[in-house]
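Participant:
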Amino acid sequence: MMKSESTAIDVPESGTVSKGKASLMAAPRDGKKGIAIFDFILRIGALVSALAAAATMGTSDETLTFFNQFFQFQASYDDIPTFQFFVIAMAMVAGYLVLSLPFSMVSIVRPHAAGPRSLLLIFDTVTLALNTSAAAAAADIVYLAHNGNATTNWFAICLQFGDFCRKVSGAVVASFASAVAFMLLVVMSGLALRRN
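Just add 704 to wherever you are in the sequence shown, counting from 1, and you've got the working numbering.
#1: Closest by CA to R821, which one among G866, D765 and M809?
#2: In this structure, how does DSSP classify N945 when only helix, strand and coil are distinguished?
#3: Which same chain residues, not among the five before or five after Y800, have their C-beta less than 8 angstroms away from its C-beta?
#4: Whole angstroms is fine: what's the gap from K646's alpha carbon to I748's?
#5: Hey, how far is the Cα of S727 from the Cα of C869?
#6: To which residues of the same chain is A754 closer than 6 angstroms at the C-beta, ignoring the five residues directly before and after it?
#7: Can you tell me where the alpha helix (DSSP H) holding F742 begins and where it ends?
#8: Is M796 close to chain B, meaning its C-beta is less than 9 angstroms from at least one C-beta of that chain?
#9: Can you check whether the CB of F859 is closer than 9 angstroms to the CB of G852?
#10: Could you give the first and the last residue of the continuous alpha helix (DSSP H) run that contains C869?
#11: Straight-line CA distance for M818 to A750?
#12: Could you tell me the alpha carbon to alpha carbon distance between V876 and M887, rounded to whole angstroms?
#13: With a threshold of 7 angstroms on Cβ separation, who are the neighbours of T910 within its own chain once the five nearest residues in sequence on each side are excluded?
#14: What is the DSSP secondary structure of A840, counted as helix, strand or coil?
#15: Quick one, which of K736, A839 and T855 has its alpha-carbon nearest F790's?
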């Protein structure tokens, strides 16, 4: 009796191999996750900048003593309503940025979700307007402090209150840095939504 040999060859199922290749090929390559990660990093940078602006302006004061202790002149942020508005507005901007970080994380985990991105786009635009208005108003007062206005007899106080002027100028620069970050956030959110 002859023994019959089997000539069958074991071949893996074609569905599993092609399914694995198809899942690799279908991986998103549009960079939405990269945009979401950059969005999160930019929000942290804007938060640091807004907090620095509010804290620097809120602690800006200088006292000058003339002749003796009885003649003192003081410059403080709370003497000027525009600077008070600046501190409140930048604190609100920083508070919004803290609240927006979880939504930005959701955009990292689910980069194709349009809901959180749309919500961030709307609130980023509103916050950009608040940030820009506070920065522009404070920049105008800082300009007057440095240069004065001869027509209205406003004198430049920065020759006497140098430390005060340096601090408020730094706060204004930090607020414009956060405004630029918000502009980038709005543009990036718009681009990410356009790709949906």
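Idealized CB from N, CA, C, for every residue including glycine.
Facilitator: Quick look at the numbers:
#1: M809
#2: With the chain covering 705 to 900 only, the question about residue 945 has no answer from this structure.
#3: F827 and T831
#4: Nothing about residue 646 can be read from this structure; the chain reaches only from 705 to 900.
#5: The predicted position of S727 is uncertain, since its pLDDT is 41 and thus under 50; a value taken from the coordinates is nonetheless stated next. Looking at the two C-alpha atoms, the distance is approximately 60 angstroms.
#6: M794, V797, A798 and S882
#7: K736 to G762
#8: In summary, chain B is missing from the structure at hand, where a single protein chain is found.
#9: yes
#10: G866 to R898
#11: Inspection of the sequence shows that residue 818 is occupied by Ala rather than by Met. Distance between the alpha carbons of A818 and A750 is about 23 angstroms.
#12: 17 angstroms
#13: Not covered by the structure: residue 910. The range shown for the chain is 705 to 900.
#14: helix
#15: A839
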